[in-house]
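K.L.:
My structure is below; once you've seen it, I'll send some questions.
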Amino acid sequence: MDFLLDLSIPIAIALWVRWYHSLRLNRTLRIARPGRVAFALIPALSMIFLFAILKRLSADSVKSDSLTVVLFLLFGA
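As structure tokens, then:
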């Protein structure tokens with residue numbers, strides 16, 4: 008499980024940096040500022056939603072192990 012955690016952290020960081028960099032430059036979507044703000048909030052809101060689901064609706068073994076919750080959040084990222 009440590010290998011998966013070590014692998015998912017740099018991948019998540021790289022993808023999030025690319026996402027926000029392209030939104031900042033407005034190269035790919037070419038939308039107005041309010042639309043870019045909405046697109047910028049989508050990943051953060053998705054992570055909050057995923058965390059809530061993991062803490063409320065997942066198996067007891069997942070809820071009680073914070074490393075597993077972090078691992079699933081990184082996979083979701």
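FYI, the numbering for the sequence shown is 8 to 84, going by our numbering.
No residue lacks a Cβ here, since even glycine has one placed at the ideal position from N, Cα and C.
Note that the structure is a prediction, hence the values are computed from the model and not measured.
#1: On the premise that Leu78 lies in contact with Leu12, defined as a C-beta separation below 8 Å, what is that separation, rounded to the nearest angstrom?
#2: For the alpha helix (DSSP H) containing Ile38, name the first residue and the last one.
#3: By the three-class DSSP mapping on this structure, what secondary structure does Ala84 have?
#4: How about Gly83 and Leu64: do their beta carbons lie closer than 8 Å?
P.N.:
Reading off the structure:
#1: 6 Å
#2: It is not in any alpha helix (DSSP H) - Ile38 carries neither H nor E in the DSSP assignment.
#3: coil
#4: no
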